[in-house]
Each structure stands twice: as structure tokens, then as C-alpha cells.
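Written out below as C-alpha cells is the structure these notes cover.
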Amino acid sequence: MIEDMNPFKISQNELDLAAEIMNLDKKAHAILREPKRTIIVTIPVKMRDGSVQTFTGFRVLYNDARGPGKGGIRYHPLENVDTVKALSAWMTWKTSLANIPFGGAKGGIICDPKKLNDFELENLSRGYIRALGRTIGPKIDIPAPDVYTNPQIMAWMMDEYSELVGYDEPGVITGKPLEIGGSEGRFDSTAMGGMYVLREAAKMLKMDLKDSKIAIQGFGNAGKFAFEIATSLSGAKVVAVSDSAGGVYNPDGIDYKKLVEAKEKGGGVQSYEGAEKISNEQLLTVDADVIIPAAIENQITSQNADKIKAKVVLELANGPVTPDADRILFERGILDLPDFLVNSGGVVVSYFEWVQDIGGYYWTQDDVYKKLDTIITRSFNDVMAMQKKYESDGKRISPRTAAYIVAVDRVAKAMKARGWY
Ligand code: GLU
């Protein structure tokens, strides 16, 4: 049978699997299979040449039983409503697993940000916020950065929202620049959280990270920092890295500084000299101990899961491993750590940012990292404990299913307490 690649179907299948194993109440299950609200907007944008172009944007609030919606906004030419729905479901499980007081949401605009200048990008970002109006807010739904969005875009959006409501409202959006209520440690928080997970996994597997080889797919918000942090904190060697145009491989290691220099010159990671050029697909099957998919969804599938050589797959992207691939990796004894555990560092520090904005606090980077470490380590332990609990009952479940059970159970309990079923 051909694998279903529709991300929303995938997210529903993952939920169904967990629901069956954990014997989830049927009414809770029905509510959790669909988003609470899906908004589709048309955004007219004044372009530099005087013309007006329209763009389609989405914002999905999946579930807010545990708190206001939370999740990033993606700018992508292939964005579509089903992907945003899936990502909003994954945000729901992510905030629940981290046990922070948020639900899940996600947004996206169909556009190619590489083809827009700053003037157009600002108009588009402000137009999106005007179109969403009061459907977002610090107690309703709080956006953040994601694929091809950044602190500057968050700043324009926060400013537009503040104009709309008539007062300064930094808590409406996270991932802002420090000057206007951003948090220390937010930029590299997704990668940092992933590294805490890797550290705990290595401890569990009795694996020495110092001599290990890492391959990273993606060199954006998450992948770039993962490279920097992995090599500086653990002493591991990054042997392969890629961006959307392709990758490079050198078994002796890739030099981070030289790679950044090469990339800044505008040629992508493949302009790095002294390494073999490889494709994004090849990157996933190179000889490495750890592979980190840090780009987009559906990268490890039933087509290539049996070719993965690594001992650990650290899912820093959202949805990089399909359910079929998850099963194959699990059967092969490869530790595949699920996205909504591994990449939760971003939203956890977003939570700290929101708390600081609302409470008027200012925390140091050290404070932020310590708090992040506590939450991520606790989440990792919750997942492993759930896996063991089922194992002692004679049921073998993957870390992803264990993580689902922890997260879904919390959301279901919150819905029950509110009287939703
Ligand atoms: N976009 C990030 C994610 O997928 C962060 C979301 C947030 O901070 O709200 O987890």
C-alpha cells in the first residue's frame, strides 16, 4: 500500500494509534481528531512596483483546553491548510508534553519569502495580522516564528496588533527581538532543547557523544544552531549538513565557521569546499551515529527507513518521520525521538517569553537555559517512563506512541475538567 503523505491524515493516524493503546474515551477521541477552528484569509499586499498581489493565509487553533493556542507561522510556497492543521495538532501535543499552560495552534502563508523584498514582507506580515484581527491575543492564541519567519517579522506583527488594539501588547507574539520584549535564549532554544534530549538519550544508551558523528538535514532556525551547539557542547563531529538546495559530506568533519562563511557568500551549504556534495536524501543515510532532520516534514519514510545507519534519530523538524517509518525504525532498534519532544525547546522558551512579557520580568540567559533543561529533561523522563510502563504490561510501544499517550491524556483530562465531554 502506498503511504499516505497528507500530514493531517498522518497526525490523525498517530492519534488513533495512541487512542487505541491507551483506551482513550471515544468522545475525547472524536474531539481531538479535528481542529477547533480553521481561519483562511486573503491578504492584499502593496508591492514595491505599485501593484497589489493577494496572498492566502491560514491560522488553525487546534485545541485550547489547557490554555490559549500557541504555535508558529510558516511562510512557504507549498503551504496548505492540511499541513497547518497537522502542525497545529502537533503543537497541542508539544505544549501538553512539556506541561506548559498552552493549547496548540499554527499559521502559514502561501508565499515565497525569497522573492519578496523587505517592504513587501512587512506589508504581508502586517496584512496577515490585520486579517486575523481579534482571533489572536495573549489569552487567545499566541503566534511565533517557524519556517522562513524570524524575529523581525514577529516585531512587525506585534506592532500591528498593538496598533489594532490601541495599547502595547508584547504578549501577543513570541520570538520577538530582545528590545521589544523578546527573551534571552529564544533564538537557539529549539536546538538547545534538542541537545538536552540528545544528552539524556546518550546517557540512557551509554553512548559517548564526544566521539560520535552527526548528520544534520537543514540549516535554518533549528539546524544551524544544532550544528553549533552539538559541536561546542558535546564535542561531537558534524560529518554532513544540507539546506534546501542539497548537502555536503566529509567523514572527518565539517568546519562550522567556514560553512557559515560559505553560506553567507550566497551559495548555500554546497559552496563549502573540502567535502563531497550529496543530496538531501543521501544525507539521511550517511554513516553517522545520530541524524538530525531539522528541515521539513515527510523526510524519513517507508522508502528509506531501512537504509538509516544511525543509532539515534533526533527529530528537530516538525513531522520529518512518517508513521510507517517510525514503525520500521522501532523494529530495527533505532531510537527515534519524536519531534514534539525533541523540538519543544522553542515553544518552552516562548512560554518563558510570554510569562516575562505579562509579568514584566527579565530573566538572564542562564535562568532561561536552566529552566528549559528542567522542563525538557522532565519530558524525556515522562516519555521513557510511559514506554517502560507499557513494556512491563507486555506491550512494546515506540517513544512516539509513548509521548502521544502522555500528551493526549493531559489534554483529555483538561477537556473533561471543563466539561467538554
Ligand atoms: N515554531 C516552533 C515550533 O514548532 C515554536 C512555536 C512557538 O514558540 O510557539 O515548536
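Numbering follows numbering that gives the first Met the number 0, in which position 33 of the sequence shown is assigned residue number 32; successive positions increment by one, without gaps. Backbone N, C-alpha and C fix where the C-beta goes; we use that ideal spot for every residue, glycine too. Because the structure is a prediction, the values reported are computed rather than measured.
{"Asked": "With a CB to CB cut of under 6 Å and the five nearest residues on each side skipped, what residues in its chain are close to P176?", "Found": "P150 and A154"}
{"Asked": "As a quick exercise: from G265, G132 and L283, pick the residue whose alpha carbon is nearest that of G165.", "Found": "G132"}
{"Asked": "Report yes or no: do three or more beta-carbon pairs, one from the region 338-353 and one from the region 297-314, lie closer than 8 Å?", "Found": "yes"}
{"Asked": "How would you label P422, buried or exposed, when you count the other beta carbons within 10 angstroms and need 16 or more for buried?", "Found": "The question about residue 422 has no answer, for the chain in this structure spans 0 to 420."}
{"Asked": "How many Å lie between I357 and F351 at the Cα?", "Found": "10 Å"}
{"Asked": "Quick one: Cα of A88 to Cα of E178, how far?", "Found": "31 Å"}
{"Asked": "Rounded C-beta distance between L123 and K105? I'm assuming under 8 Å.", "Found": "Rounded, the Cβ-Cβ distance is 18 Å, inconsistent with contact."}
{"Asked": "Does the region 134-150 come into contact with the region 91-98, if we say contact requires no fewer than three beta-carbon pairs (one atom in each stretch) closer than 8 Å?", "Found": "no"}
{"Asked": "Give the list of continuous beta strand (DSSP E) stretches no shorter than 3 residues that lie fully inside the region 210-276.", "Found": "212-216, 236-242 and 245-248"}
{"Asked": "Measuring from the CB of V382, is there a heavy atom of the ligand GLU at a distance below 6 Å?", "Found": "no"}
{"Asked": "Please report the distance separating the alpha-carbon of V237 from that of Y248.", "Found": "9 Å"}
{"Asked": "Under three-state DSSP, which class holds A304?", "Found": "helix"}
{"Asked": "Thinking just about the alpha-carbon of each residue, which of S233, G71, T173 and A221 is nearest to the one in V240?", "Found": "A221"}
{"Asked": "Pick helix, strand or coil for V171, following the three-state DSSP scheme.", "Found": "helix"}
{"Asked": "Locate the beta strand (DSSP E) running through F57, then write down its first and last residues.", "Found": "V51 to N62"}
{"Asked": "Examine the Cβ distances between the region 16-29 and the region 401-418 and report whether three or more of them are shorter than 8 Å.", "Found": "yes"}
{"Asked": "Quick check on I375: buried or exposed, where buried means 16 or more other Cβ atoms within 10 Å of its Cβ?", "Found": "buried"}
{"Asked": "For H28, which beta-bridge partners are listed by DSSP?", "Found": "H28 is not bridged to any residue."}
{"Asked": "Could you tell me the alpha carbon to alpha carbon distance between Q52 and I42, rounded to whole angstroms?", "Found": "8 Å"}
{"Asked": "Where does K84 land, buried or exposed, given buried means 16+ other C-beta within 10 angstroms?", "Found": "buried"}
{"Asked": "Given a cut-off of 7 Å on the beta-carbon distance, is the pair V146 and R73 in contact?", "Found": "yes"}
{"Asked": "Taking Cβ to Cβ, would you say A416 is nearer than 7 Å to A27?", "Found": "no"}
{"Asked": "What are the boundary residues of the alpha helix (DSSP H) that includes V289?", "Found": "That residue, V289, is in no alpha helix (DSSP H); its beta strand (DSSP E) goes V289 to P292."}
{"Asked": "Just to confirm, are A294 and G174 a CB contact at a threshold of 7 Å?", "Found": "no"}
{"Asked": "The alpha helix (DSSP H) with D81 in it runs from where to where?", "Found": "V80 to L96"}
{"Asked": "Should I39 go down as buried or exposed, given a rule of 16 or more other Cβ atoms within 10 Å for buried?", "Found": "exposed"}
{"Asked": "Please tell me whether, using a cut-off of 6 Å, the distance from the CB of A214 to the nearest non-hydrogen atom of the ligand FAD is below it.", "Found": "Of the ligands this structure carries, namely the ligand GLU, none is the ligand FAD."}
{"Asked": "Which residues mark the beginning and the end of the alpha helix (DSSP H) in which Y389 is found?", "Found": "Q364 to S391"}
{"Asked": "Pick from G345, E227, I307 and I327: whose alpha carbon is nearest that of T189?", "Found": "G345"}
{"Asked": "Just to confirm my understanding: we take A235, look at its own chain, exclude 5 residues before and 5 after, and list those with CB closer than 6 Å. What are they?", "Found": "L208, S211, I213 and A229"}
{"Asked": "If you scan the region 99-167 from start to end, which runs of the alpha helix (DSSP H) of 4 or more residues do you find wholly inside it?", "Found": "117-131 and 150-164"}
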